[in-house]
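Notes to accompany the following structure.
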């Protein structure tokens, strides 16, 4: 089945630094990828839709300058959390669409802890 | 918001029993999907039911969809300890997938 690889699985960084998270579709091309954020014991909140070759579409309330998304190829999207603060600590999950009306394939998530 | 609401929020049953989780949503949808999440991991797709379908089966899973009531249910039959996880419904509309709050299912051996 379709596989989405997300890296790193966990990262600890100091306040003020930037962290990049990669999301790769390993065996299919994904023109669209999605980035979610999940707080403990809560649901996934869509942050942005990443479109290959164009600007990402951010959900209301998500700072685009804070969460930089780049989707430079059909198999790779990156999320960079800039100038991270402790409140950015969360579980970030990417997903990729295999095609119209098909389920999303999820990465295993990245646990970000900002100290 | 199109976000779905699920109930119960938490469910604890004995192994071998059936588990039923419900999901309600607010707007029209193209399809509704159920996902499973083990603690600290990504989501795994379980089943997709289209808006013109009423029931779908996959192994021990049975999903129903009632678009008139804007609700869906997921039934897991003959539960196993390995079914312990969080289960989320997600509705697709306007090219976005929006997740419900999830049900934390615990299967006691």
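Protein chains in written order, with my numbering: chain F, 1 to 115; chain P, 1 to 109.
No residue lacks a Cβ here, since even glycine has one placed at the ideal position from N, Cα and C.
None of the values given here were measured: they were computed from a predicted structure.
Just the chain F side, please: which residues come within less than 9 angstroms of residue i by C-beta, in chain order?
| i | result |
| --- | --- |
| residue 14 (chain P) | Near residue 14 (chain P) there are no residues of chain F at all, since even the closest Cβ is about 23 angstroms away, more than 9 angstroms. |
| residue 102 (chain P) | 41, 42, 43 and 44 |
Cutting at 6 angstroms between CB atoms, please list the residues of its own chain near residue i, excluding the five before and the five after it.
| i | result |
| --- | --- |
| residue 1 (chain P) | Caution is warranted here: a pLDDT of 43 is assigned to residue 1 (chain P), below 50, making its placement in the model unreliable, and the coordinate value is therefore given only provisionally. Excluding positions up to five away in sequence, the list is empty. |
| residue 29 (chain F) | 74 |
| residue 111 (chain F) | 10 and 91 |
| residue 14 (chain P) | 108 |
| residue 50 (chain F) | 33, 56, 69, 71 and 77 |
Cα separation between residue i and residue j?
| i | j | result |
| --- | --- | --- |
| residue 37 (chain P) | residue 7 (chain P) | 16 angstroms |
| residue 22 (chain P) | residue 71 (chain P) | 7 angstroms |
| residue 106 (chain F) | residue 3 (chain F) | 8 angstroms |
| residue 25 (chain F) | residue 6 (chain F) | 9 angstroms |
| residue 74 (chain P) | residue 54 (chain F) | 37 angstroms |
| residue 70 (chain F) | residue 77 (chain P) | 42 angstroms |
| residue 58 (chain P) | residue 102 (chain P) | 20 angstroms |
| residue 86 (chain F) | residue 63 (chain F) | 16 angstroms |
| residue 47 (chain F) | residue 12 (chain P) | 31 angstroms |
Quick one: which chain P residues come within Cβ less than 8 angstroms of residue i?
| i | result |
| --- | --- |
| residue 44 (chain F) | 43, 88 and 99 |
| residue 93 (chain F) | 42 and 43 |
Beta-carbon within less than 7 angstroms of residue i's beta-carbon, same chain only, minus the 5 sequence neighbours each way: which residues are those?
| i | result |
| --- | --- |
| residue 31 (chain P) | 48, 49, 50, 51 and 92 |
| residue 97 (chain F) | 30, 32 and 104 |
| residue 24 (chain P) | 4, 5, 70 and 71 |
| residue 16 (chain P) | 78 and 79 |
| residue 60 (chain P) | 76, 77 and 78 |
| residue 81 (chain P) | 15, 107 and 109 |
Name the chain P residues that come within less than 7 angstroms of residue i, Cβ to Cβ?
| i | result |
| --- | --- |
| residue 107 (chain F) | 42 |
From the beta carbon of residue i, is the nearest beta carbon of chain B less than 7 angstroms away?
| i | result |
| --- | --- |
| residue 9 (chain P) | Chain labels in this structure do not include chain B; the protein chains are F and P. |
Pull up the CB-CB distance for residue i and residue j, whole angstroms please, since I reckon it's below 8 angstroms.
| i | j | result |
| --- | --- | --- |
| residue 12 (chain F) | residue 113 (chain F) | 5 angstroms |
Can you name, in chain order, every residue of its own chain whose Cβ lies under 8 angstroms from the Cβ of residue i, other than the five neighbours on each side?
| i | result |
| --- | --- |
| residue 18 (chain F) | 80, 81, 82, 83 and 84 |
(message) Ignoring anything shorter than 3 residues, give me the beta strand (DSSP E) runs that lie fully in the stretch 32-85 of chain P, in order along the chain.
(response) Segments of the beta strand (DSSP E) lying fully in the stretch 32-85 of chain P: 43-50, 55-58, 61-66 and 71-76.
(message) Quick check for students: name the residue ranges of the beta strand (DSSP E) that lie wholly in the stretch 14-61 of chain F, counting only runs of 3 or more.
(response) Complete beta strand (DSSP E) runs here, min 3: 19-25, 32-38 and 44-51.
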